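Below: one structure, written as structure tokens.
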Amino acid sequence: MFKRIISWLLIILVIFNGLPVVAAEGELLITGSGVNQELLISSADWSKYNMVERTYSTNNSLGFHKIVKAKGYDLFDLLGNNLKTDQDYPVKFTCSDGFEFTMTVSQLKDAYYFKDFTETSKEPIMPMIAKYTLVMADIPQNIFSPPVNWTDIAISEKDLDKDFPKLVFGQTDIDDMNMSKWGKEIIKITVGAEIESADTTSPYKHIAYAGEPYNVDALTGATFTIEGPGVEGYRAISLRQIEEDTAGQVLDSYYEKMDDRVVENTYEGINVKYLIDNYVRAKDNAGNITFKDKSRQTILTVPISQAENYIVAYGINEVPLVYLDTEEGYIPEKHNDNGCFKLIYNQDRSSAEEFSNVAYIYIEEKDAKNIYEHSYQPYNDSKYTDYELIIHGDALGKEVSYKVKDIEAMEDLHIEKEYSLSNSEYFWYYNTYKGVPLWDLLLKAGLDPTIDENTKVRFIAADNYNFAPMTIGEIKDSSRYGYYEKSALDKGDGTFPGEYVDPLYRDYPVLVAYGYNGYPYVVRPTDEGYNAGLGNDGGPIRIIFGKTNYNDTNGSNQVQFAKEIIIGEGESIATDTLGSGEGVSTEVEIDESWNHNSALYEDYLDMPVLRVTGSQVKEARTFTLRQIEAMTEHAVRDTYTGDGIREMQGIVLWNLIKDVVGLKEDVGVPSIRVFAGQNYNQILRSFVQVENGVLNSQGQNKKIILAYAADAYPLVPEESSIGYVNNNAYGPLRLVIEESKSMWVKWVDCIVVGTGDYEEPKIEDVKLDLGFKDLENHWAKDSIMQMAARGYAKGSDGFFRPNDNILRGEFVSLMVRALGLTEEGTISFTDVKLTDWFAKDVAIAAANGLVKGYSDGSFRPRSPITRQEIASIIGSLLEEEVSIDELSIFNDQVADWAKSSVAKAVKAEIIKGLPGNIFGGSQNTTRAEATVMLLRYLNK
């Protein structure tokens, strides 16, 4: 009997691992035992509901009383008659970042709006899911004196709340801090108890187990790939991702043949149509889909319209699948070998066959011509057909040029062959290339076949990328190169002992290729004819190599934009080049909210993440992530093409090497290797690009960076790491090079400049003394060093100037960095210009109610800040109420307006008295004192 459970819930629940929950923007699921049926409100469904406009009184965790106008959807209108009324149900709200909180139906309804924050102005108000919010009044605790007056402001499109769907509800009393509980990006509302469905605790799932034999990296890191010209970009999906995505999950029983008899096995997995619809974007002309096993052998081919009939299973008979029947987790009576993914579909009992492991879906285009040559539109453009490959050098004795159309006409030399490749990120792929063996082409050009096999051969690319020279022997002897299959035990992190693996096949010639997988090469991703599902740029000619050994990252060593081959000695003679030169800058201002200084990511901050060493640097240095992200003068945010199109933020690699670490005086052109662990390194051979950036096909110049954030999210190491969301894995540092995906490096942790070996970054090598020359024997040195190491305290020209007065603008900037504030406002002060370096921080502080100006509308950012002014700001952040009697220990007086906040700061021992038993509230604060005060607050 078949048992099918399919739950088409369009959210990804990863609460089992404590990770953020991700949903499509604007989608909301209403579920639970307290509703008659589940309701999914999609992005397109909101227009079906009526919007309302309400005004709420609020109080946040910092004690700021606010009047907020909101426009959105009445919560109980959304629930409607679907809400059961037999009891006062608890209502749990789940946010996209994993935060959850619960209120009862009655608590949501029994809330109020205090128009002027007096009891007499109290009105009942209902909760809503807000799409627009506008703060009309914002009153700090120290000046809060009801009744308050405020001016009504019309809400408009500019007030669209980025946290929609956002839960907004009223107060129980005037001081109720309801705003701190307003839920941002609500993706799920559970009324009553959870409804049981397939979840991450299923016994079929690897992730439901702790440790071996199922929940280990070799298994949960296994990937399932959807690729091909029929999709907009390939996608490698980890087993962990698939098992955590409860949407589209299937549990069913199927007939199959095992050991010469037909049995009925129960499989759990995910529907193929769901995978395609939610993990890639299929083109309108997508045709057949071909399922391939882990060796890339074809299992079957079906029209894409039949995708819903197939399941990618990860578990069988209540246990997870494993690779081999020799593994510890294999249970014979469960038949759970030959995984970790299997292709499952309905079969008749009479004709059932055994199901195969599956690792790839290849999606074709319906109208694909399957022609490699540049013989049809748009590939027959002369910029491809007349592109020349020049062969010269003193060992050849002449110059020979072949156009692409000439090479494509050499039919007697053509070969079409599948190569196995892996790149710098340990991603394996298998492509069929068509072209001419390089050795045969050299002979055709007139090279002496008896030439010394030690003769040097150099490749010159049109983008000026420098490749390591080869020898004639390495080109002539195709038996040096083989075809390998990725081991099922290879975790993809460079640690697998591949030296013990033999190739499946040998005799793979170095190939001058002009097309692959049935498509010709183009030059850039912006060219007509470029197919994102293939990545057929880097042409129109590439030079392809087989693998010399299992761990050979031959995919990263392809010669893209091949332009010249120099045999022996000789200088480059090509004049048309790509990828270097002056171009338009597209950098935008960095956003420090992208850093790892939020609660979810802060554990990464003080980890040693990068070692820079080698014979050409002045001194080897090790950096924490906090120190890297504090190098704001060397940071950029820009859009990069390679791994799709992504906005990345990080530090410029060349600035780190040249300006922060420093090169020895006799170094002209440094040798740079970027490591990801001891077993992998990428050589940066184009110093011109390292120094100046990469000129892309759009005429834009992009710096080579070590990225620590992508698309507004800090990078984390793995898809299973805390904080993974929105494809932000492979960090916390990642090398990014424009339009050169094969050169991107995951998990960067060491850079060797010159000669030298890999060195692991260690905490004992982190240099906390950042070179301030004026801190020796200073009383605040340790505190200043701690703040500097966190990236908050900064100096200039090697000096911190601890005894100088700190100015109001300087303190506000230091405070905003330390508190991690990002909510921007408008600049309303008459003496703060948009061009002032502190302008953004002053606007943020004002928007958060931490500072205000003088009665004449000025802020006086260049005036010293007093001790009682700082105490007033820090004291307003403290929630504990204390008596001003705390100030009676001092012999002097504090200004009346500051007494309450100063008392809080003194009670918390954040600010202490001065000699003579005085507080000295009107005295100016030094840079050292201000830094110590903020550190004490941060350490509370």
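Per my numbering, residue 279 is the first one in the sequence shown, and the count goes up by one each step.
Here a beta-carbon is modelled for each residue, glycine too, at the ideal position from N, C-alpha and C.
Quantities reported herein were computed from a predicted structural model and do not represent experimental measurements.
Starting from S679, follow the beta strand (DSSP E) in both directions and report where the run begins and ends. By 1-based counting over the sequence shown, the position of residue 679 is 401. S679 -> beta strand (DSSP E) spans V678 to K681.
Rounded straight-line distance, which links the Cα of E316 to that of I465: Working through the sequence shown from its first residue, we reach residue 465 at position 187. Working through the sequence shown from its first residue, we reach residue 316 at position 38. Near 13 Å, if we compare the C-alpha coordinates of E316 and I465.
Alpha-carbon to alpha-carbon, E867 and T910: Numbered from 1 along the sequence shown, position 632 holds the residue referred to as residue 910. Numbered from 1 along the sequence shown, position 589 holds the residue referred to as residue 867. Their backbone Cα atoms lie some 10 Å apart in a straight line.
Let me check understanding here. Comparing Cα to Cα, which of G1153, T398, L1213 and T1108 lies closest to K1185? Position 907 of the sequence shown holds residue 1185. Closest by alpha carbon: G1153.
What are the boundary residues of the alpha helix (DSSP H) that includes F371? Here residue 371 refers to the residue found at position 93 when the sequence shown is read from its first residue. Element bounds for F371: not the alpha helix (DSSP H) but the beta strand (DSSP E), P368 to C373.
Closest Cα partner of L353 within the set V369, F342 and T728: Reading the sequence shown from its first residue, position 75 is the one you call residue 353. It is V369 whose Cα lies nearest to the Cα of L353.
State the CB to CB distance for the pair P886 and V1030, rounded to an integer number of angstroms; the pair is presumed to be in contact (CB under 8 Å). Here the question's residue 886 lines up with position 608 in the sequence shown. Here the question's residue 1030 lines up with position 752 in the sequence shown. The pair is not a contact, with the Cβ atoms about 16 Å apart (cut-off 8 Å).
Mind reading off the beta-carbon distance from A673 to I729? Whole number of angstroms is fine, and I expect it under 8 Å. The residue labelled residue 673 in the question sits at position 395 within the sequence shown. The residue labelled residue 729 in the question sits at position 451 within the sequence shown. A Cβ-Cβ distance of about 6 Å is found for the pair A673 and I729, placing them in contact under the 8 Å criterion.
To the nearest whole angstrom, what separates the beta carbons of Q960 and L1013, a pair I think is in contact under 8 Å? Within the sequence shown, numbered from 1, the residue matching residue 960 stands at position 682. Within the sequence shown, numbered from 1, the residue matching residue 1013 stands at position 735. About 7 Å; that satisfies the 8 Å criterion.
Do L602 and G593 have their C-beta atoms closer together than 9 Å? Walking along the sequence shown from the start, residue 602 turns up at place 324. Walking along the sequence shown from the start, residue 593 turns up at place 315. Not closer than 9 Å, so no.
Entirely enclosed beta strand (DSSP E) segments - the stretch 599-640, minimum 3 residues: 620-622
Count the other CB atoms, across all protein chains shown, that sit within 10 Å of the CB of W324; report buried if there are 16 or more and exposed otherwise. Your numbering for residue 324 matches position 46 in the sequence shown. By the neighbour-count rule (16 or more Cβ atoms within 10 Å), W324 is buried.
Would R332 and K344 be called neighbours here (beta carbons separated by less than 9 Å)? Working through the sequence shown from its first residue, we reach residue 332 at position 54. Working through the sequence shown from its first residue, we reach residue 344 at position 66. The answer is no: Cβ separation not under 9 Å.
Under DSSP, the alpha helix (DSSP H) around F1089 begins and ends at which residues? Here residue 1089 refers to the residue found at position 811 of the sequence shown. That run of the alpha helix (DSSP H) goes R1086 to L1097.
Range covered by the beta strand (DSSP E) that runs through N549: As a first step, residue 549 is located in the sequence shown; it is residue number 271 there, counting from the start. Where N549 is concerned, the enclosing beta strand (DSSP E) stretches over R539 to N549.
Let me know if I923 comes out buried or exposed under the rule of 16 or more other beta-carbons within 10 Å of its beta-carbon. The residue given as residue 923 occupies position 645 in the sequence shown. Under this definition I923 is an exposed residue.
Can the beta-carbon of G1199 be found less than 9 Å from the beta-carbon of A1176? Stepping through the sequence shown from its first residue, residue 1199 is reached at position 921. Stepping through the sequence shown from its first residue, residue 1176 is reached at position 898. A contact, by the Cβ cut-off of 9 Å.
Under three-state DSSP, which class holds M909? Against the sequence shown, residue 909 aligns to sequence position 631. It is coil, neither helix nor strand.
When you compare only the Cα positions, how much space is there between A476 and T372? If you number the sequence shown from 1, residue 476 lands on position 198. If you number the sequence shown from 1, residue 372 lands on position 94. Residue confidence for A476 is low, a pLDDT of 49 falling below 50, so the modelled location carries little weight and cannot support an answer.
Look at the alpha carbon of I308 and the alpha carbon of L318, and state the distance between them as a whole number of angstroms. Locating residue 308 in the sequence shown gives position 30, counting from the first residue. Locating residue 318 in the sequence shown gives position 40, counting from the first residue. Going from the Cα of I308 to the Cα of L318 covers about 6 Å.
Here's a check: name, in chain order, each residue in its chain whose Cβ is nearer than 6 Å to the Cβ of L699, leaving out the five neighbours to either side. For the purposes of this step, residue 699 is identified with residue 421 of the sequence shown, where counting begins at 1. Answer for L699: Y707, N832 and G833, listed in chain order.
Reduced DSSP category for A1173 - H, G, I as helix; E, B as strand; rest coil: As a working note, residue 1173 is residue 895 in the sequence shown. Coil, per DSSP.
Closest Cα partner of T398 within the set P424, A415 and L412: The residue labelled residue 398 in the question sits at position 120 within the sequence shown. For T398, the nearest C-alpha among the options comes from P424.
Given this structure, state the Cα-to-Cα distance separating A302 from S321, to the nearest angstrom. In the sequence shown, counting from the first residue as 1, residue 302 sits at position 24. In the sequence shown, counting from the first residue as 1, residue 321 sits at position 43. Confidence at A302 is low in this model, with a pLDDT of 37, below 50, so its placement is unreliable and the value that follows should be read with caution. C-alpha separation (whole angstroms): 8 Å.
Using alpha carbons as the reference points, say which of R784, F774 and A746 lies closest to G760. Here the question's residue 760 lines up with position 482 in the sequence shown. Ranking the options by Cα distance to G760, first place goes to R784.
Name the DSSP beta bridge partners of L984, please? Taking the sequence shown and counting its residues from 1, the one referred to as residue 984 is at position 706. For L984, which the question treats as bridged, DSSP gives the partners I929 and L1013.
Do three or more CB pairs link the stretch 1127-1136 to the stretch 1157-1169 at distances below 8 Å? no
Buried or exposed: R282, going by 16 or more other Cβ atoms within 10 Å of its Cβ? Here residue 282 refers to the residue found at position 4 when the sequence shown is read from its first residue. Any answer about R282 is weak, because its pLDDT of 32 lies below 50 and its placement is not dependable; what the coordinates show is given next. Looking at its Cβ environment, which holds fewer than 16 other Cβ atoms inside 10 Å, R282 is exposed.
The alpha helix (DSSP H) spanning V968 covers which residue range? As a working note, residue 968 is residue 690 in the sequence shown. From DSSP, the alpha helix (DSSP H) with V968 extends over F965 to N970.
Please report the distance separating the alpha-carbon of M1065 from that of S516. Position 787 of the sequence shown holds residue 1065. Position 238 of the sequence shown holds residue 516. Taking the straight line joining both Cα atoms gives about 39 Å.
Is the stretch 647-654 in contact with the stretch 820-827, if contact means three or more CB pairs nearer than 8 Å? no
Three-state secondary structure (DSSP) of S1166: Taking the sequence shown and counting its residues from 1, the one referred to as residue 1166 is at position 888. Of the three classes helix, strand and coil, the one that applies to S1166 here is helix, per DSSP.
Within the stretch 1016-1043, ranges of the beta strand (DSSP E) (whole runs, at least 3 residues): 1028-1031
In terms of DSSP beta bridges, what is M748 paired with? On the sequence shown, residue 748 is found 470 positions in, with the first residue counted as 1. According to DSSP, M748 bridges with V735.
If you reduce the DSSP assignment to three classes, tell me which class N360 lands in. By 1-based counting over the sequence shown, the position of residue 360 is 82. N360 falls in the helix class under three-state DSSP.
Are K981 and V914 close, meaning C-beta to C-beta below 9 Å? The count along the sequence shown starts at 1 and reaches residue 981 at position 703. The count along the sequence shown starts at 1 and reaches residue 914 at position 636. In this structure, V914 lies closer than 9 Å to K981 by Cβ.
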